[in-house]
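Colleague:
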Amino acid sequence: MPYYRMVGEVPRKRHVQFRAPDGGLYKEELMGEEGFSSDSSLLYHRHAPTAIVKAEAVDAGAPGLTPNLPLSPRHFRTRDLRPEGDLVSGRMLLAGNSDVRISYAATDAPSELYRDSMGDECVYIASGRARFESAYGALDVAEGDYVVIPTGTIHRWVPEGPVTALVVEAAGHIRPPKRYLSQYGQFLEHAPYCERDLRAPAEPLLVDGEEVPVLVRTRGGLTRLTYAHHPFDVVGWDGCLYPYAFNIEDFEPIVKRTHAPPPVHQTFEGPGFVVCSFCPRPLDFHPEAVPIPYNHHNVDSDEFMFYVGGDYTARKGSGIDVGSISLHPAGFTHGPQPGAVEAAVEAVRKGHTETTEMAVMIDTFRPLDLGPAALACEDTDYAWTWAR
Numbered sequence: 001m002p003y004y005r006m007v008g009e010v011p012r013k014r015h016v017q018f019r020a021p022d023g024g025l026y027k028e029e030l031m032g033e034e035g036f037s038s039d040s041s042l043l044y045h046r047h048a049p050t051a052i053v054k055a056e057a058v059d060a061g062a063p064g065l066t067p068n069l070p071l072s073p074r075h076f077r078t079r080d081l082r083p084e085g086d087l088v089s090g091r092m093l094l095a096g097n098s099d100v101r102i103s104y105a106a107t108d109a110p111s112e113l114y115r116d117s118m119g120d121e122c123v124y125i126a127s128g129r130a131r132f133e134s135a136y137g138a139l140d141v142a143e144g145d146y147v148v149i150p151t152g153t154i155h156r157w158v159p160e161g162p163v164t165a166l167v168v169e170a171a172g173h174i175r176p177p178k179r180y181l182s183q184y185g186q187f188l189e190h191a192p193y194c195e196r197d198l199r200a201p202a203e204p205l206l207v208d209g210e211e212v213p214v215l216v217r218t219r220g221g222l223t224r225l226t227y228a229h230h231p232f233d234v235v236g237w238d239g240c241l242y243p244y245a246f247n248i249e250d251f252e253p254i255v256k257r258t259h260a261p262p263p264v265h266q267t268f269e270g271p272g273f274v275v276c277s278f279c280p281r282p283l284d285f286h287p288e289a290v291p292i293p294y295n296h297h298n299v300d301s302d303e304f305m306f307y308v309g310g311d312y313t314a315r316k317g318s319g320i321d322v323g324s325i326s327l328h329p330a331g332f333t334h335g336p337q338p339g340a341v342e343a344a345v346e347a348v349r350k351g352h353t354e355t356t357e358m359a360v361m362i363d364t365f366r367p368l369d370l371g372p373a374a375l376a377c378e379d380t381d382y383a384w385t386w387a388r
């Protein structure tokens, strides 16, 4: 993260003795990225964070990814997927490659403690409310929140009723785009959001317990480690590495007189992919503007779009609706449905001045393979809707 936070109790200097009221030493843990060369935080535990009493391999199952062949645009209806498991075990794999896995989850069940040691996660809450609990503290999250979870963070999800979410699991770190930040990490004035829009844990979350299981994902698979003491025993932490939430409605759209391309909507970047937020905004205001996207062919990327709210003028007649996902792969030119350009121009002539659409887009720079959940909810007529 680009800025420093301090939560709970920490000593005045790093790596010095820090004692509990009973005189015992708190146990210091450095959580750091890229060895000792990037962002980090120091956490102070009541008990040793290294003390485990059991380790068991867990069958992760086959990844179940198949190539997008024959090459074609795809439409998936996530509302046709049946809820199962929780926000960790119930992830239904939609698409993925060596850089990223994208899943959908629908549940009202709390998860077990979990640590993803393969990379950062970005969980978009599409509907409902939940409490995100971690060694750093807790966050109350709700519809429209992105929750960015650093690699190695022990956490769990506690829904407050039914929740649906899109889960992005990276093979590295997810961060704000570099062009939004100064050389020292502060958000710049042209950025579409800033530090004030981010929510992070504000106080410690202290939980007692012994022999507590934690599901751990590594590149080798899944392991369930049993810790001698509950890992939520952190009395304080400080640094620039921590989970945080950002709501899509706090994204400030950048507009032009004519149609602006998707990079103006970029919200995060990861290894081999970007995440963009399409939010309500004024329509293009050049007197002769065509106020919807032009046909485009991104030769280097696959476009994965999750439609989360509003009216999709450019997609009328395609079957796209809230809860839909479209996948437009490299090798295919895509754009407005037949008649959409004329309808949009006429709507502006009649005084329509803004768009209400909301969507989360993931552009990947390697081809996305298809997961079993996507194939189970596919609208197989979608590819032919431009020819009607």
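Under UniProt numbering, residues 1 to 388 are what the sequence shown spells out, in order.
The C-beta atom is built at its ideal place from N, Cα and C for all residues, glycine as well.
May I have a chain-ordered list of the beta strand (DSSP E) segments no shorter than 3 residues that lie completely inside the UniProt domain "Homogentisate 1,2-dioxygenase C-terminal" (288 to 386)?
Modeller: The qualifying runs are 302 to 309, 324 to 328, 358 to 364.
Colleague: Is the distance from the Cβ of D371 to the Cβ of G128 below 8 Å?
Modeller: Indexing the sequence shown from 1 puts residue 371 at position 371. Indexing the sequence shown from 1 puts residue 128 at position 128. Note on identity: in this sequence residue 371 is Gly, with Asp being the wrong assignment. No, they are not a contact pair.
Colleague: Report all residues from its chain with a CB closer than 6 Å to the CB of F76; omit the five preceding and five following residues, and keep chain order.
Modeller: Residue numbering aside, residue 76 sits at position 76 when the sequence shown is read from its first letter. I325, A374, C377, E378.
Colleague: Only counting the same chain, and skipping five residues up and downstream in sequence, which positions put a Cβ closer than 6 Å to that of V275?
Modeller: Start at 1 with the first residue of the sequence shown, and residue 275 comes out as number 275. Contacts found: T267, F268, I362.
Colleague: Please report the straight-line C-alpha distance between M6 and G119, rounded to a whole angstrom.
Modeller: Translated into positions along the sequence shown, residue 6 becomes position 6. Translated into positions along the sequence shown, residue 119 becomes position 119. Between M6 and G119, the C-alpha separation is close to 24 Å.
Colleague: Quick check on the DSSP output: the beta strand (DSSP E) that includes F76 runs from which residue to which?
Modeller: Against the sequence shown, residue 76 aligns to sequence position 76. First-last of the beta strand (DSSP E) with F76: 74 to 77.
Colleague: Could you say which of I248, G32, F306, P261 lies nearest to C279 if we only look at CA atoms?
Modeller: For the purposes of this step, residue 279 is identified with residue 279 of the sequence shown, where counting begins at 1. It is I248 whose Cα lies nearest to the Cα of C279.
Colleague: Taking residue 390 as the reference, give the member of D369, A383, Y382, T380 with the closest Cα.
Modeller: Look at the range of the chain in this structure, 1 to 388, and you will see that residue 390 is not part of it.
Colleague: Does the distance from the CB of Y114 to the CB of L166 come in under 8 Å?
Modeller: Here the question's residue 114 lines up with position 114 in the sequence shown. Here the question's residue 166 lines up with position 166 in the sequence shown. No, Cβ-Cβ distance for Y114 and L166 is not below 8 Å.
Colleague: Check each candidate in D302, V163, D284 and name the one with the smallest Cα separation from Y294.
Modeller: Within the sequence shown, residue 294 is the residue found at index 294, counting from 1. Answer by Cα proximity: D284.
Colleague: Report all residues from its chain with a CB closer than 6 Å to the CB of P177; omit the five preceding and five following residues, and keep chain order.
Modeller: Within the sequence shown, numbered from 1, the residue matching residue 177 stands at position 177. Contacts found: Q266, E269.
Colleague: Can you give me the Cβ contacts of T356 inside the same chain, cut-off strictly under 8 Å, excluding the 5 residues immediately before and after it?
Modeller: Taking the first residue of the sequence shown as position 1, residue 356 is located at position 356. Closer than 8 Å at Cβ, skipping near neighbours: P280, G309, G310, D311.
Colleague: From H190, R217, I102, pick the residue whose C-alpha is nearest to that of E56; which is it?
Modeller: Indexing the sequence shown from 1 puts residue 56 at position 56. The residue with the shortest Cα to Cα distance from E56 is R217.
Colleague: Beta carbon of A135, beta carbon of T153: below 8 Å?
Modeller: What you label residue 135 is simply residue 135 of the sequence shown in a count that begins at 1. What you label residue 153 is simply residue 153 of the sequence shown in a count that begins at 1. Against a cut-off of 8 Å, the Cβ pair of T153 and A135 comes out as a contact.
Colleague: Run the CB neighbour count on T380, radius 10 Å, all protein chains shown included, and call it buried at 16 or more, exposed below.
Modeller: Locating residue 380 in the sequence shown gives position 380, where the first residue counts as 1. Exposed.
Colleague: Buried or exposed, going by whether 16 or more other CB atoms sit within 10 Å of the CB of G331?
Modeller: Here residue 331 is taken as the residue at index 331 of the sequence shown, counted from 1. It is exposed - the Cβ of G331 has fewer than 16 other Cβ atoms within 10 Å.
Colleague: When you compare each of A109, G209, S37 to H47 by their alpha carbons, which one comes out closest?
Modeller: For this step, residue 47 is matched to residue 47 along the sequence shown. When only C-alpha atoms are compared, the closest one is G209.
Colleague: Note down, in chain order, each residue of its chain lying with its Cβ closer than 7 Å to the Cβ of P49, except the 5 sequence neighbours on either side.
Modeller: What you label residue 49 is simply residue 49 of the sequence shown in a count that begins at 1. Hits under 7 Å: K27, E29, P231.
Colleague: Rounded to the nearest angstrom, what separates E342 and A387 at their Cα positions?
Modeller: As a first step, residue 342 is located in the sequence shown; it is residue number 342 there, counting from the start. As a first step, residue 387 is located in the sequence shown; it is residue number 387 there, counting from the start. C-alpha separation (whole angstroms): 16 Å.
Colleague: Would a C-beta distance cut-off of 8 Å place C240 and Y3 closer than the cut-off?
Modeller: Along the sequence shown, read from residue 1 onward, the residue named residue 240 stands at position 240. Along the sequence shown, read from residue 1 onward, the residue named residue 3 stands at position 3. Their beta carbons are under 8 Å apart, which means C240 touches Y3 by this criterion.
Colleague: Can you tell me the Cα-Cα spacing of G64 and R101, whole angstroms?
Modeller: For this step, residue 64 is matched to residue 64 along the sequence shown. For this step, residue 101 is matched to residue 101 along the sequence shown. Going from the Cα of G64 to the Cα of R101 covers about 11 Å.
Colleague: Select from D108, L225, Y382 the residue whose C-alpha is nearest the C-alpha of E160.
Modeller: Counting from one through the sequence shown, the residue named residue 160 turns up at place 160. Among D108, L225, Y382, the Cα nearest to that of E160 is on D108.
Colleague: Looking at Y382: is its Cβ nearer than 8 Å to the Cβ of S318?
Modeller: Stepping through the sequence shown from its first residue, residue 382 is reached at position 382. Stepping through the sequence shown from its first residue, residue 318 is reached at position 318. Yes.
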